[in-house]
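First up is the structure itself, then whatever we jot down about it.
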Amino acid sequence: MMEVYPLVDAPPPRYAVESDDEDEYNPLSPRTGSAQPSEVKVEFKSIYDIPSKKPFVFVSREAGVSWARIVNLGEQQAGIYVNSFPVGSLFCPSWTNAIVVVSEAEIRTRLPLFAMTTYTTAMIERLKPTSVAILDSYPTQTYISSQVIPQDRAPIRYLSAGKRTIPDFALELFAPPNLLQSTTASLMNELFLRSIGENVTRSHTAVVLLPAPKLSSPAPVSFDGKGFSGDFSGIDWARETLEKAHKCLFAILGDTVGQSSLLVRTKSGVSPPVSDLGTIRSSLGEVGEGGMYI
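According to the working numbering, the sequence shown holds residues 16 to 309 in order.
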């Protein structure tokens with residue numbers, strides 16, 4: 016007579032499951048968190064005519080916010096919305112022919128990965144830029160280099176879509192195996208793919224990366240405008256560093272900028288606080304007060 020083992024169909028005890036297996040990513044496991052929307056809709060909202068076929072400056076996150084503190088951007092001309100939430104602010108400064116977009120200037124407006132390509136593609140298709148200069152940052156803590164670089168001596172780096180270098184600024188290359196994982200990466204990738212076979216366009220696209228002492232928070236898994244609150248007011252770079260990056264951006268476009276492009280320093284040495292998204296948008300006002308509407 017065959018003996019029946021009573022625990023044959025019982026699950027294994029907790030200690031019999033290796034913890035390593037639990038830490039590994041399983042693409043077949045059920046997804047947690049909010050499901051991504053079936054559609055990502057990008058809208059440009061403005062009472063002005065939005066120009067196109069011009070040089071394009073795209074500044075993002077904490078680097079973009081700090082840069083905007085010292086630059087005379089003028090009045091906001093348009094807002095860029097993703098699923099009805101404001102993500103980008105578009106400017107047309109009088110001292111340049113370029114279009115400027117300040118993107119994701121608040122932590123809660125950071126885009127999840129699934130929305131980045133739709134957002135950057137919409138900007139390219141609407142603005143049709145002739146050349147592109149991008150400003151973002153890279154974390155010095157995780158940057159892989161053959162040499163140990165003290166954090167206070169971390170250089171401004173650059174990455175080009177072609178073989179272009181940025182002369183006269185002594186920038187260092189953002190070298191492999193380091194990666195960008197932000198909206199900047201999506202924009203660079205989309206521009207590169209569109210430039211295949213068009214070497215002229217590719218040679219006029221580059222990103223300037225400021226050294227950031229802290230790691231950025233990871234991209235959210237969903238986007239409803241209700242994520243982590245706050246801004247980047249506690250993150251900043253020296254005025255001299257930002258001015259150098261400012262000149263680099265427009266050198267990529269083949270332009271030279273003067274002091275008229277910068278805000279005047281106050282007696283304390285700090286520019287007026289016009290960088291955070293709320294203050295930038297204040298120039299738009301509300302509907303009925305000269306603000307934007309659809």
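Don't be surprised by glycine CBs; every beta carbon is placed ideally from N, CA and C.
Could you give the C-beta distance for residue i and residue j, rounded to a whole number, given that I count them as a contact under 8 Å?
{"i": "V222", "j": "Y173", "result": "7 Å"}
{"i": "S118", "j": "F71", "result": "The Cβ separation is near 12 Å, so there is no contact."}
{"i": "T135", "j": "S201", "result": "5 Å"}
{"i": "S276", "j": "W110", "result": "5 Å"}
{"i": "S161", "j": "T220", "result": "In fact, because the Cβ distance is near 27 Å, the residues do not count as touching under 8 Å."}
{"i": "N112", "j": "L278", "result": "In fact, because the Cβ distance is near 20 Å, the residues do not count as touching under 8 Å."}
{"i": "K262", "j": "T145", "result": "Their Cβ separation, rounded to whole angstroms, is 20 Å, which puts K262 and T145 out of contact at 8 Å."}
Looking at residue i: is its Cβ nearer than 8 Å to the Cβ of residue j?
{"i": "P165", "j": "S237", "result": "no"}
{"i": "V57", "j": "I114", "result": "no"}
{"i": "A227", "j": "E121", "result": "no"}
{"i": "F265", "j": "L224", "result": "no"}
{"i": "E258", "j": "I85", "result": "yes"}
{"i": "I149", "j": "E205", "result": "no"}
{"i": "P170", "j": "L186", "result": "yes"}
{"i": "P235", "j": "R125", "result": "yes"}
{"i": "F129", "j": "A93", "result": "no"}
{"i": "K143", "j": "S67", "result": "yes"}
{"i": "G89", "j": "P101", "result": "no"}
Hey, could you find the ends of the alpha helix (DSSP H) residue i is sitting in?
{"i": "Y134", "result": "128–142"}
For residue i, count the other beta carbons within 10 Å of its own beta carbon; 16 or more makes it buried, fewer makes it exposed. Which is it?
{"i": "G103", "result": "buried"}
{"i": "R168", "result": "exposed"}
{"i": "T271", "result": "exposed"}
{"i": "Q274", "result": "exposed"}
{"i": "F106", "result": "buried"}
{"i": "L268", "result": "buried"}
{"i": "V7", "result": "Here the chain comprises residues numbered 16 to 309, so residue 7 is not present and cannot be evaluated."}
Start and end of the beta strand (DSSP E) containing residue i?
{"i": "A221", "result": "220–227"}
{"i": "F100", "result": "100–106"}
{"i": "E54", "result": "Taken as a continuous stretch (DSSP letters only), E54 belongs to no beta strand (DSSP E), as it is neither H nor E."}
{"i": "R172", "result": "172–175"}
{"i": "F265", "result": "Note, F265: premise wrong, no beta strand (DSSP E); alpha helix (DSSP H) at 254–267."}
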